[in-house]
Each structure stands twice: as C-alpha cells, then as structure tokens.
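Participant: Would you mind keeping the following structure in view while I ask a few things?
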Amino acid sequence: MALGPQQRTPLEQAIPTGAAEAPTSRTAQKVVARLAELRPVHEAFAWFRARARELEDIQLEVTAIPAPPWGEAARSQWLKTHFEEAGLADVHQDELGNVFGIRPGSDLNSPYVALSAHIDTVFPGETPIKVGREGGKLHGPGISDNASGVTALLAIANVLRHANIANSAPILFMGNVGEEGEGNLRGMRHIFDQPKWLDSIGALVVIDGAGTDTIIAEGLGSRRYQITIRGTGGHSWSDFGVPNPIVALARIIDRFSRTTVPNTPKTTFNIGTVQGGTSVNSIPQVATMRVDTRSASVEQLDRLERALRDAVKECAAETGGRKKDEALTSEILVIGDRPAADLPANSHLLKVIRAVDAQLNNNARIQRASTDANIPLSLGREAIAIGAGGSGGGAHTVNEWYDPAGRDLGLKRILLLTLALSGVSEE
Ligand SMILES: [Zn+2]
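In this text, residue positions in the sequence shown follow our numbering: the first is -10, and each later residue adds one.
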C-alpha cells in the first residue's frame, strides 16, 4: 500500500525521532499497539514465517564466507550485493569495509533510525568453516554470532519493501567490521568518528547474536594492556646479578594484584598471559604480560590504570641494577579500550523497547555487556543491543549452533522497535 507522507497518525507524531523529551511509557505502549494493528505490519509478520527457510539459507551462506578480524572484505562485498538486492538506496562501503544502505523515509529532516550487525567473527583466516543443517539446527563457526544478526538485518530490509511499509524517518542499515576481540569496536568507532554519521544517527539498535531475552543498555567498559620489561640479559652463572625482567614482572603482578576493587560498580582485572625468557640458564632479556581490566565505571578503569602504571614504574626501578647499562626498561601498550556508559533509564529508546516487549509478551532483562552500542552510548547517544531471535550456543567455538525456532519473535521485535522509532505514515 502506498502511504502518503502527509497522512501521519497523531500517535506517531507523539514520538518524534530524536526528540529531546522522552514520551511517557503509556504513549509508547499506545504507539506500539497501533503499529501492531496495521495491515502492512501483519503482512510483514506473515512474511517472516513464510520465508523462514530462505532466511536459514542466507544465514548458512554468510557463515561460509570467512570474516576474521581485519579480513572482512569478502563479507562486506557479499552484504553490499544483498543490500542492493533488498532495494536499499545509497549502498556503499567505507574504507574499513563497513557497509551502508538506506531505506528512505517520508520525513526528509528526520535523523536516521540505525540498525547494525557486526560482520566479523573471532575465527582466524585459516579456521576450517563447515556449515550445515542437523535436525532443526544450523551449524557453523559464527552461525549465531553474528550471522543471525546479519540475517535479521536483511530480513528487516526486505520485509519493509515487501510489505510496502511507509516509514517516516529514514532507516540506516549498517554491517560493520571489527567488533570482536582485538578488533576493539574499530568499525563502529570509525562510523561515529565521522561527523556525517555522528550528526545524522538519532538512535542505534545493534543486533548481535541470538535470543530475545535481553536488552543490553549498559556498556561494560574494558581496557587491556601489554606490559613489556626489557634488560640486557646474560648468562645465569657468569652474569649473575644482572637485573631480571621476569623478576620485575613478578613484582609488578604481586603489587598490582593487591589493588582493591569495589563490588559496585563491579570492577575486575585479570593477568591473562605471561611470557618471557629463552632458557633455564639465561637471564632473560624480555618478559611480557597481558592484562584485562573491566568496569561499569570509567573512574574505576582510570584508577586501575594508575595502579598498573605505578606498579610497573616502581617495580622496574626497584629490580633494575644501579649501573646505567643494568637498568630495566618498561613499556605499557594499550591493546584494547572500550568505553563504559549507560543508557539513561528514562530514555526514549528504553521506553520503546519495553513497550514492544510488553506488546509481544516477551520477557527481557536489562543487561550490561561490551558491544558496538558502547561507542554511541559513550558519546551520550541512544543505543541498545538486542538479539536476532531464535537461540544459539557454542559462541566463539567451531561447534557454534543456531536454532531458528522462535526467530520470528526476534524479527517482530526488531521491526516493531524500528517502526516505533521511525514512525509510520498511514493511509
Ligand atoms: Zn557478536
């Protein structure tokens, strides 16, 4: 059905996208209930059921394309083609391989409602990728995290066109690189570094992994470090007394691990790896370790960083020799930095997702995690991460699986959320 831009519902106007004042929950509830009654929305729901098998095929297809960190190019190209086939406008990639496509809206001045799914996996390029069906389940490394998210993105883009839904605000679809591990959110960070996107995205809904039972509205911050201690090294007998980098590292670990952390906000640290030395009868030249720190609070991350830097400086100095050529040098490299920030409890986005969950009789809990949503949240923007529906397991292993039972609930949830944020013009 062709819907004119001038025929907007009063309810839809009650929730302007990107508005400064948040609507009451009751208003959000009314808007969502009204949306769920619209004929095109019913058509969309039916499409999700009718195309279940096709969505599985797409999910298997994307899983079979390797997408290791910093090696997502083939998948970017694949997604670009699928965005074009879904009829999105202005489909393009940026220099990192983030892929963009736009569903234009009738309201030309409205900011984008953005939907994103990360396209990278944790698996190195040489990982053998076997995908397939077994029983009712799909199997393959990355099949759930995040092939299910990419599939949901394409399902929403296609259903908007199929059901001819007249969204008011434009909808921006993004497949982004670099979410996992040492990718360190580089894809989303780059997007929000561009004034072009920073100024035009009103709200971001990140689709990551399976499920419908969580709303990630609190970003878990983390910082990771690699500490390297270097010395001249030497023979264990003839050079005895030359300062030992492993001893310095041991002292640093001892001192740093005595740092107290609060229960609230929950704050943690971990010495994850230690390496160094050449043989039992050599004084080592190098010792390194990797440290992970996490907290809901930036202040706590700062405090841990100071404690770590002090421990490194003091213990390296204590362990080093008096002579100049016997000093130990230390280096602290930040190898990961994910900002911590929360979506305010009275935010528009949170009210709308709550209203959608009430409409669908879906039980979801607010959770804290580290996702692409951390980036806009840390910039004071509205963002959440939710699942693509269905269920999954074995994430980050080659035995990962996805069960599509219940996928349509996830897709309905994403669609209603998107439309409640964008507004819909009615006949
Ligand atoms: Zn993921």
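Each residue gets a CB set at the ideal place from its N, CA and C atoms; glycine is no exception.
(1) May I have the straight-line CA-CA distance separating I235 from K126, to the nearest angstrom?
(2) Per the DSSP calculation, V195 is bridged to which residue(s)?
(3) Reducing DSSP to helix, strand and coil, say where N147 ends up.
(4) Quick one: grab the DSSP three-state call for R28.
(5) How far does the alpha helix (DSSP H) with F245 in it reach, from first residue to last?
(6) Give the DSSP-derived three-state secondary structure of A316 in the structure shown.
(7) Indicate the three-state DSSP secondary structure (helix, strand or coil) for A347 in the structure shown.
(8) Report yes if the C-beta distance between Y214 and V80 is below 8 Å; otherwise report no.
(9) Compute the minimum distance between the beta carbon of D197 and the heavy atoms of ligand 1, and state whether it is under 7 Å.
(10) How big is the Cα-Cα spacing for I242 and T386?
(11) Quick check on the burial criterion: 16 or more other C-beta atoms within 10 angstroms. Buried or exposed for R354?
(12) Which residues mark the beginning and the end of the alpha helix (DSSP H) in which W226 is found?
(13) Just to confirm the assignment: which complete beta strand (DSSP E) runs, minimum length 3, are found wholly within the region 39 to 95?
(14) Does DSSP put A152 in a helix, a strand or coil?
(15) So, for L149: in the same chain, excluding its five sequence neighbours on each side, which residues have a beta-carbon less than 6 Å away from its beta-carbon?
(16) For ligand 1, is there a heavy atom less than 7 Å away from the beta-carbon of N147?
(17) How about Q356: is its C-beta nearer than 8 Å to some C-beta of chain B?
(18) Could you give the DSSP three-state label for V323: helix, strand or coil?
(19) Determine contact between the region 136 to 156 and the region 42 to 55, defined as no fewer than three beta-carbon pairs at a distance below 8 Å.
(20) Check whether the Cβ of N98 sits closer than 7 Å to any heavy atom of ligand 1, and report yes or no.
(21) Are the region 87 to 103 and the region 18 to 35 in contact at 8 Å, needing three or more beta carbon pairs?
(22) Taking only the alpha-carbon atoms, compute the straight-line gap between G399 and R247 and give it to the nearest angstrom.
(23) Could you tell me whether the Cβ atoms of A362 and V231 are closer together than 8 Å?
(24) Report the three-state DSSP secondary structure of S137 (helix, strand or coil).
(25) By DSSP, does K340 sit in helix, in strand, or in coil?
(26) Is DSSP giving T308 helix, strand or coil here?
(27) Using a Cβ-Cβ cut-off of 7 Å (strictly less than) and excluding sequence neighbours within five positions of E10, which residues of its own chain qualify?
(28) Do A334 and L366 come within 8 Å of each other at the CB atom, strictly closer than that value?
(29) Verify the contact flag: N165, CB atom, against every heavy atom of ligand 1, threshold strictly below 7 Å.
Facilitator: Checking against the coordinates, here is how it stands:
(1) 49 Å
(2) DSSP lists S105, A374 as partners of V195.
(3) helix
(4) helix
(5) It spans 234 to 245 - the alpha helix (DSSP H) in which F245 sits, taken as one unbroken run.
(6) Looking at A316 - three-state DSSP - the assignment turns out to be coil, as it is neither helix nor strand.
(7) helix
(8) no
(9) yes
(10) 30 Å
(11) exposed
(12) Here W226 belongs to no alpha helix (DSSP H), and DSSP marks it neither H nor E.
(13) 78 to 82, 88 to 92
(14) coil
(15) If you ignore the 5 residues before and after L149, its C-beta comes within less than 6 Å of the C-beta of R92, all in its own chain and listed in chain order.
(16) no
(17) Going by chain labels, chain B is absent from the structure shown, which holds only one protein chain.
(18) strand
(19) A contact exists between the region 136 to 156 and the region 42 to 55.
(20) no
(21) Result no; under three Cβ-Cβ pairs closer than 8 Å.
(22) 44 Å
(23) At the C-beta level, A362 and V231 stay beyond 8 Å of one another.
(24) helix
(25) helix
(26) helix
(27) Here the model assigns E10 a pLDDT of 44, short of 50, so the residue's position is not dependable and the matter cannot be decided.
(28) no
(29) Checking the Cβ of N165 against ligand 1 gives no.
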